[in-house]
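Working notes, structure below.
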Amino acid sequence: MNAEPSLHEPIWREIRDKLYILYLEHWKEIAEEYRALSGGSERSVGNETYSILSRISNRERELWNPIICLASFFDRYLPHSQHAIPSQPSLKQAIAEFALQKIKEKQVENATETRELVLVQTLLKLVQVDGYYKVKDIKEAMAHKYDEEQKWLRSEWIGRALKRLSFAEKRRVGTGVEYYLRRKEVEDLAIRIGVKPQQKGQTQQKEQTEQTRTCWICGKPIIEVFEEWIFDASTGKPCHIKCLGQVIEPQKKLQSMHGMLKCQFCGRYFGTRKDLELHISKTHQNKLHNELARN
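Residue numbering for the sequence shown follows the working numbering, beginning at 6 and increasing consecutively.
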């Protein structure tokens with residue numbers, strides 16, 4: 006039996022006709038209900054529902070308000086017998102709880118998909134030949150893609166994620182768990198999820214692309230999905246906003262004291278921040294990376 010309903014069934018026309026009548030007879034009530042719901046006060050939506058809606062972001066509220074509004078409207082016309090049970094939630098409250106549940110599921114799903122995307126990007130760079138790869142090494146390589154420590158990034162998560170991505174061949178050795186990974190399978194997976202594998206004939210282009218996404222100050226890759234970054238006006242190179250702030254603040258103090266900017270590595274003075282940063286990026290970039298790593 007085909008479970009998919011047919012669009013040509015007479016029932017749809019009947020429902021549509023009734024909805025036209027509902028709209029013409031009750032549009033004012035629904036409009037008032039929507040205004041009250043959009044106002045979002047505890048008095049206008051009720052204690053229980055307000056408690057739920059206050060945990061939903063404004064963007065998600067925009068998406069869910071129409072159906073919650075209709076649920077509130079239909080609550081007025083439910084048989085009184087349904088309201089006689091104290092533990093029975095209103096239709097509006099039930100829909101609001103359902104909305105919160107689906108939003109949380111979506112957030113988890115989005116976070117999982119984003120994390121797995123970073124994992125696949127890591128595997129593309131790490132797996133150059135077929136063989137066994139330590140979970141610990143994959144975790145460390147993936148950690149370098151984030152500016153701050155990710156508490157969820159554990160060996161257990163890597164193992165579960167690899168299993169979800171259909172990498173099941175593994176072994177346990179003295180140093181931990183290793184997975185057998187094939188370059189071709191990693192590339193096929195990357196293509197399926199929308200990550201373009203790097204071509205051998207495009208090495209120079211690849212290095213140039215990577216350079217535009219590497220922070221010139223700390224030397225770490227810039228993950229646009231997670232991190233705030235800009236092109237530094239002084240050098241024309243990309244950098245984390247946080248890193249740029251760490252460089253600029255000491256320079257401002259020196260300039261206010263001496264009227265000039267002093268290179269902290271070689272002691273030379275410069276008249277503008279642009280000249281100083283160009284000097285550091287060309288002459289002392291490795292020293293700057295090491296200093297930020299210590300901090």
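Even for Gly, the Cβ is constructed at its ideal location relative to N, Cα and C.
Separation of residue j from residue i, as counted between CA atoms
i	j	result
Asn291	Asp135	33 angstroms
Lys287	Val252	15 angstroms
Glu215	Lys33	Below a pLDDT of 50, predicted positions are generally treated as unreliable, and Glu215, at 45, falls in that range; the measurement from the model is reported next regardless. When rounded, the distance between both Cα atoms is 57 angstroms.
Gly179	Ser171	24 angstroms
Arg66	Leu266	50 angstroms
Thr63	Arg40	Strictly speaking, residue 63 in this sequence is Asn, with Thr absent from that position. Going by the C-alpha atoms only, they are around 15 angstroms apart.
Asp237	Thr219	12 angstroms
Trp17	Glu30	20 angstroms
Thr127	Tyr55	43 angstroms
Ala146	Gly164	14 angstroms
Pro226	Asn52	47 angstroms
Gln209	Lys279	Unreliable positioning characterises Gln209 in this predicted model, as indicated by a pLDDT of 46, which lies under 50. The coordinate reading is nonetheless provided below. If you take the alpha carbons of Gln209 and Lys279, they lie about 28 angstroms apart.
Glu38	Arg81	11 angstroms
His289	Ile235	21 angstroms
Lys211	Arg169	Note on Lys211: pLDDT 48, under 50, position unreliable in the model; the coordinate value appears next. The straight-line gap from Cα to Cα measures roughly 29 angstroms.
Ala148	Arg120	11 angstroms
Thr277	Lys242	17 angstroms
Glu161	Gln155	13 angstroms
Ile72	Leu96	11 angstroms
Trp200	Ala166	Looking at the sequence shown, residue 200 is not Trp but Val. Taking the straight line joining both Cα atoms gives about 17 angstroms.
Gly181	Gln93	52 angstroms
Leu68	Tyr28	20 angstroms
Gln213	Val123	Caution is warranted here: a pLDDT of 46 is assigned to Gln213, below 50, making its placement in the model unreliable, and no coordinate value can be reported.
Leu24	Val140	57 angstroms
Lys111	Ile100	16 angstroms
Lys173	Leu83	Looking at the sequence itself, residue 173 is Ala, so the reference to Lys does not match. C-alpha separation (whole angstroms): 53 angstroms.
Pro10	Arg177	51 angstroms
Neighbourhood of residue i by C-beta distance below 7 angstroms, restricted to the same chain and skipping five residues each side
i	result
Glu102	Ile57
Val132	Tyr138, Leu186, Arg188 and Val191
Ile108	Ile61 and Glu65
Ser43	Asn70
Thr240	Trp221, Glu282, Leu283 and Ser286
Outcome for residue i when other beta-carbon atoms lying within 10 angstroms are tallied against a minimum of 16
i	result
Glu153	exposed
Ser59	exposed
Asp22	exposed
Ala76	buried
Glu282	buried
Ala104	buried
Lys150	buried
Phe79	exposed
Leu12	exposed
Gln98	buried
Ile20	exposed
Ile198	exposed
Contact set for residue i: own chain, Cβ-Cβ below 8 angstroms, skip 5 residues either direction
i	result
Gln207	Bear in mind that a pLDDT of 49 at Gln207, under 50, signals an unreliable position, so the model cannot answer this.
His306	Only positions 6 to 300 of the chain appear in the structure, and residue 306 is not among them; the question remains open.
Asp142	Leu131
Glu233	His245, Ile246 and Lys247
Cys271	Thr288 and His289
Gln106	none
Pro15	none
Those residues which DSSP pairs with residue i across a bridge
i	result
Leu266	Phe275
Leu186	Gly136
His245	Trp234
Val200	In DSSP, Val200 forms no bridge with anything.
Gly164	According to DSSP, which records beta bridges pairwise, Gly164 is partnered with nothing at all.
Ala181	Correcting the residue identity first, residue 181 is Gly in this sequence and not Ala. In DSSP, Gly181 forms a bridge with Val178.
Pro10	Answer is none; Pro10 lacks a bridge partner.
Pro71	Answer is none; Pro71 lacks a bridge partner.
Thr219	Pro226
Anticipated Cβ contact below 8 angstroms, residue i with residue j, distance rounded
i	j	result
Tyr137	Glu183	4 angstroms
Ile26	Cys74	About 19 angstroms separates the two Cβ atoms, so there is no contact after all.
Leu158	Lys175	At roughly 19 angstroms, the Cβ-Cβ gap does not stay under 8 angstroms, so Leu158 and Lys175 are not in contact.
Beta-carbon proximity list for residue i, same chain, < 6 angstroms, skipping 5 on both sides
i	result
Ala89	Low confidence applies to Ala89: its pLDDT is 49, below 50, so where it sits in the model is not reliable, and the reading given next is rough at best. If we look at Ala89 and ignore the five residues flanking it on each side, it has no Cβ neighbours.
Ile228	Lys150
Gly250	none
Residue i Cβ short of 7 angstroms to the ligand NAP heavy atom set
i	result
Tyr82	This structure lacks the ligand NAP, and indeed carries no ligand of any kind.
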